[in-house]
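A.B. asks: Protein chains in written order, with my numbering: chain D, 68 to 383; chain C, 117 to 458.
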Amino acid sequence: MKRSFVCGLAISAMLGISSLALATGTASAAGFSICVVHNDADHPSITAIVKGMNDEGKIYGADITYFDPAFDPQKQVSMIEDCVARKPSVIVVNAVDPAAVVQAIKKASEAGLPVVMQNADTNDEGHQYTRTFIGSQSFDQGYAVGQMIVKATGGKGNLVMITGKPGQFDVVQRADGAKKAFADAKADIKILAEEPADWSKDKALTVMQDLLTRYPDINIVFGQDDPMALGALQAIKASGAEGIKVFGVNGNKDACDAIKAGDMYGTAMQLSYLVGVYTVRAAYDIAQGRQVPAKILAPTAPVTPENVNKLYDQCW
Amino acid sequence: MTMTPGKEIAKGTEAAARGFPVPFAHLGRGRSGAVIRVLRNHTALILLVVLVIAGGLLSDVFLTPRNLLNIMWAVSILGIIALGQTMLLITCNFDMSVAYVVGLSGIITVLAQIAGCDLVTSMALGLAGGMGVGLVNGLLVVYTGANPFLITLGTSLLAYSASLMLTHSQTLYATIPAFNVFGRGRLFGVVHYSIVLALVLALVLEFILRRTTFGRTLYVIGLNETAGRMSGLPIQRVKLITFVLCGGTAALAGLVMTSRTGSTVASAGAGMEFDSIIAAVLGGTSLFGGHGGALRTLVGVLVLGVLNNLLILLSVPIEGQQIAKGLVFLAVVWADSVLRHQ
């Protein structure tokens with residue numbers, strides 16, 4: 068029915084707009100202001116970035132506004148356009164899709180607003196419109212885990228990889244990084260399977276269950292982020308299997324606890340807090356008219372049972 | 117409960133009048149079509165049997181008790197959500213907010229525990245939160261007459277925002293160890309509690325659907341709401357209660373999931389709104405309302421679980437997995453329209 072359709076659309080639009088209004092920050096005034104468009108705010112690494120930005124922003128008196136398109140590339144484009152309309156000092160974008168953002172950052176650049184890529188970069192075509200990229204390199208994270216695996220297993224073993232959403236940049240890069248580490252060490256590590264669990268702890272649990280059924284001789288599990296690694300760990304515990312070494316990426320508090328307890332054997336700590344800090348510093352430099360390097364990388368710290376006590380405070 | 121043939125024939129002639137050439141719809145009429153009718157009326161069960169036999173033949177670990185229990189444990193959460201969704205689908209309504217209610221209820225429960233509430237109170241608060249969202253859905257749909265699909269999409273955004281605000285986008289951890297037993301423990305050390313919960317819930321809802329006036333009213337609303345209203349049935353109240361029920365089952369599933377993984381995530385239930393509808397339709401619930409059952413929905417959920425399990429056991433490449441799931445969905449929707457347009 069036409070009336071109920073229009074009515075329903077209006078109501079859901081009102082609910083949607085009111086919820087977005089609740090979730091975003093205040094509008095920026097004059098002075099040093101930054102407009103940030105996330106890729107998906109509901110992830111611990113983004114929370115850490117935001118904390119880094121807010122803490123560093125206090126030093127410079129920055130007025131920071133955040134938008135969250137929840138992994139929708141089209142929403143991100145319209146949010147970037149909203150940022151352009153607000154005329155901030157700098158626009159920060161964490162690309163959902165490297166190609167889809169290009170049109171929006173082009174508009175921002177043409178409006179005379181500097182654009183900075185954070186955490187997930189745009190493609191080569193987009194680079195002509197951006198000043199710098201600040202983030203961690205997922206390839207390096209994968210490589211660090213690969214090295215940890217080789218060291219912990221003497222370079223031999225049967226490995227299963229539990230990945231994020233198929234086709235995503237981080238997924239491909241972390242896998243490639245680990246494989247390169249194995250190749251460089253000339254390790255004899257057999258990759259039995261790479262199954263997606265879409266960054267979900269619960270999905271990783273059920274996927275790991277099935278992998279354990281399929282391959283009774285697994286000794287290494289590489290979860291492409293800590294929530295998935297911990298989900299896999301639960302499946303392993305529930306099945307009673309022993310001697311399986313689990314590795315993750317992120318450096319989350321619960322993963323560090325698991326390493327301390329001897330349940331996990333390593334995680335590649337993403338220093339996302341530093342990504343936030345460096346972003347604000349770079350934005351400030353750009354707003355002052357200074358040059359910034361084309362790439363600013365936050366380091367990746369491998370956390371192992373040997374050094375976990377030293378690095379524990381940095382786990383997030 | 118037997119449906120009057122008049123309604124189905126009426127829908128068939130309506131389809132014929134519109135000139136829809138629904139493939140194979142001409143089969144299954146009359147005495148010779150009896151076998152085909154049996155096949156159609158029990159599509160999910162037959163599909164399940166076929167998949168199980170194929171699985172047993174293609175993989176030597178598929179039919180082990182451990183694997184079968186794993187499958188049931190994996191889908192028990194979706195099963196609980198699908199059961200609530202089935203009740204709504206029978207009345208020709210949808211609840212697209214279940215996915216974010218799953219996350220929200222888990223978050224409420226854990227926050228309550230962190231604030232010092234005991235186990236039972238925290239779980240009651242989580243359930244109440246989900247039922248509250250269901251109430252909002254029901255009130256909006258019943259009193260504005262608007263499209264439930266769109267309304268519940270709107271409330272899902274509200275629920276998601278509430279989740280993000282309550283947690284400041286942090287991950288929260290349950291503080292009462294006994295809570296984890298709910299999602300991870302096993303009855304007699306063998307069958308997981310969540311499987312038992314899903315089964316018991318299905319039996320209770322099946323009884324309600326078949327043997328109570330409330331249950332029968334759901335079918336009436338789905339088949340012919342006007343006739344139901346004119347015979348004096350409390351249509352508005354029943355719809356409202358069903359929306360609250362659906363929110364409640366989503367909340368229950370959220371509690372199980374949070375206790376299973378030990379931590380909260382606002383988007384924990386992502387995708388489950390569609391999966392629950394697919395499972396219900398697979399089990400014989402019609403998207404056009406008026407048909408469906410609780411136990412049959414569990415069969416649909418099992419089909420999805422077996423499918424997921426086999427895709428990994430048989431090492432099907434990732435692209436093949438998506439194609440397989442897409443084909444199952446299309447086949448199910450086609451079978452549903454064939455069955456309803458007889």
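Even glycine gets a Cβ: it sits at the ideal position worked out from N, Cα and C.
The model shown is predicted, which means the values in this text are computed figures rather than measured ones.
In angstroms, rounded to a whole number, what distance separates the CA positions of D/Y120 and D/G221?
C.D. replies: Sequence check: residue 120 of chain D is Met here, not Tyr. Those two C-alpha atoms are separated by around 40 Å.
A.B. asks: Run the CB neighbour count on C/A133, radius 10 Å, all protein chains shown included, and call it buried at 16 or more, exposed below.
C.D. replies: For C/A133, the predicted structure reports a pLDDT of 48, less than 50, and the residue's modelled location is therefore unreliable. The matter cannot be settled from this model.
A.B. asks: In the region 222-278 of chain D, which residue ranges form an unbroken beta strand (DSSP E) of at least 3 residues, counting only runs that do not cross its ends?
C.D. replies: 223-230 and 255-263
A.B. asks: Kindly list, in the order they appear in chain D, the residues whose Cβ is closer than 7 Å to that of C/S383.
C.D. replies: D109
A.B. asks: Taking all protein chains shown into account, decide if D/P136 is buried (16 or more other Cβ within 10 angstroms of its Cβ) or exposed.
C.D. replies: buried
A.B. asks: Along chain C, in chain order, which residues have C-beta atoms closer than 7 Å to that of D/V274?
C.D. replies: Under the 7 Å cutoff, chain C gives I428.
A.B. asks: Kindly give me the distance between the Cβ atoms of C/A384 and C/V218, rounded to whole angstroms, as I take these residues to be in contact under 8 Å.
C.D. replies: Correct: roughly 5 Å between the Cβ atoms.
A.B. asks: Please tell me whether D/R241 has its Cβ less than 8 Å away from any Cβ of chain C.
C.D. replies: no
A.B. asks: Check whether the Cβ of D/P140 lies closer than 8 Å to any Cβ atom in chain C.
C.D. replies: no
A.B. asks: Is the Cβ of C/M388 closer than 8 Å to any Cβ of chain E?
C.D. replies: Among the protein chains of the structure shown, namely D and C, there is no chain E.
A.B. asks: So does the region 233-243 of chain C actually touch the region 386-400 of chain C, counting three or more Cβ pairs closer than 8 Å?
C.D. replies: Counting C-beta pairs closer than 8 Å gives fewer than three between the region 233-243 of chain C and the region 386-400 of chain C, which falls short of the contact rule.
A.B. asks: Cβ of C/V177 less than 8 Å from any chain D Cβ?
C.D. replies: yes
A.B. asks: When you compare the CB of C/N183 with every CB in chain D, is at least one pair closer than 8 Å?
C.D. replies: yes
A.B. asks: Tell me where the alpha helix (DSSP H) around D/N186 begins and ends.
C.D. replies: Per DSSP, D/N186 belongs to no alpha helix (DSSP H) and is neither H nor E.
A.B. asks: Let me check understanding here. Comparing Cα to Cα, which of C/R300, C/Q201, C/I337 and C/L361 lies closest to C/V378?
C.D. replies: One point to set straight first is that residue 378 of chain C is Gly, not Val, in the sequence displayed. Among C/R300, C/Q201, C/I337 and C/L361, the Cα nearest to that of C/G378 is on C/R300.
A.B. asks: Around the Cβ of D/E262, are there at least 16 other Cβ atoms within 10 angstroms (buried) or fewer (exposed)?
C.D. replies: The residue is buried, with at least 16 neighbouring Cβ atoms inside 10 Å.
A.B. asks: Does D/A260 have its Cβ less than 8 Å from a Cβ in chain C?
C.D. replies: yes
A.B. asks: Shorter than 8 Å from the beta carbon of C/R332 to some beta carbon of chain D?
C.D. replies: No - not a single Cβ of chain D is within 8 Å of the one on C/R332.
A.B. asks: For chain C, find out if any of its Cβ atoms is closer than 8 Å to the Cβ of D/Y379; answer yes or no.
C.D. replies: Answer no: the Cβ-Cβ gap between D/Y379 and chain C never drops below 8 Å.
A.B. asks: In the region 277-302 of chain D, which residues sit with their C-beta less than 9 Å from some C-beta in chain C, listed in chain order?
C.D. replies: Listed in chain order, the positions of the region 277-302 of chain D with a beta carbon within less than 9 Å of a beta carbon of chain C are D277, L278, L279, T280, R281, P283, P294, L297, G298, Q301 and A302.
A.B. asks: By the criterion of Cβ-Cβ separation under 7 Å, what are the contact partners of D/V269 in chain C?
C.D. replies: Checking the sequence, you will find Asp at residue 269 of chain D rather than Val. Ordered by position in chain C, the residues that pass the 7 Å Cβ test against D/D269 are M373, R376, T377 and A384.
A.B. asks: I'd like the list of long-range same chain contacts for D/A242, defined as Cβ closer than 8 Å, with 5 residues on each side in sequence excluded.
C.D. replies: Result list for D/A242: G209, M228, T230, E261 and Q291, in chain order.
A.B. asks: Since I believe C/S221 is in contact with C/G245 (beta carbons under 8 Å), could you give me their beta-carbon distance rounded to a whole number of angstroms?
C.D. replies: 5 Å
A.B. asks: Can the beta-carbon of D/A162 be found less than 8 Å from the beta-carbon of D/A187?
C.D. replies: yes
A.B. asks: Going by other Cβ atoms of all chains shown within 10 Å of its Cβ, with 16 needed for buried, is C/A343 buried or exposed?
C.D. replies: exposed
A.B. asks: Closest to C/G248 by C-alpha separation, out of C/A367, C/A410, C/L273 and C/T291, would be which residue?
C.D. replies: C/A367
A.B. asks: Which ranges does the beta strand (DSSP E) cover as unbroken runs of at least 3 residues, wholly within the region 275-327 of chain D, from first to last along the chain?
C.D. replies: Entirely contained in the region 275-327 of chain D, the beta strand (DSSP E) runs reaching 3 residues are, in chain order, 287-290 and 312-317.
A.B. asks: For D/K270, which residues of its own chain have a beta-carbon under 6 Å away from its beta-carbon, when the five flanking residues on both sides are left out?
C.D. replies: A264
A.B. asks: How would you list, in chain order, the residues of chain C whose beta-carbon sits under 8 Å from the beta-carbon of D/A305?
C.D. replies: R300
A.B. asks: With the cut-off set at 8 Å, would you say C/V226 and C/L313 are in Cβ contact?
C.D. replies: 8 Å or more divides the Cβ of C/V226 from the Cβ of C/L313.
A.B. asks: For C/M281, report the span of its beta strand (DSSP E) as first-last.
C.D. replies: No beta strand (DSSP E) holds C/M281; the alpha helix (DSSP H) holding it covers P264 to T283.
A.B. asks: Within the same chain, show all residues whose beta-carbon is closer than 6 Å to that of D/D284, passing over the 5 residues directly before and after it, in chain order.
C.D. replies: N225
A.B. asks: With H, G and I counted as helix, E and B as strand and the rest as coil, what does DSSP make of C/V306?
C.D. replies: coil
A.B. asks: Please give me, in chain order, every unbroken run of the alpha helix (DSSP H) with length at least 4 that falls completely inside the region 328-376 of chain C.
C.D. replies: Within the region 328-376 of chain C, the runs of alpha helix (DSSP H) at least 4 residues long that lie entirely inside it are, in chain order, 329-346.
A.B. asks: Does the beta carbon of C/Q229 come closer than 8 Å to any beta carbon on chain D?
C.D. replies: no
A.B. asks: Does the Cβ-Cβ distance between D/A245 and D/V274 come in under 8 Å?
C.D. replies: no
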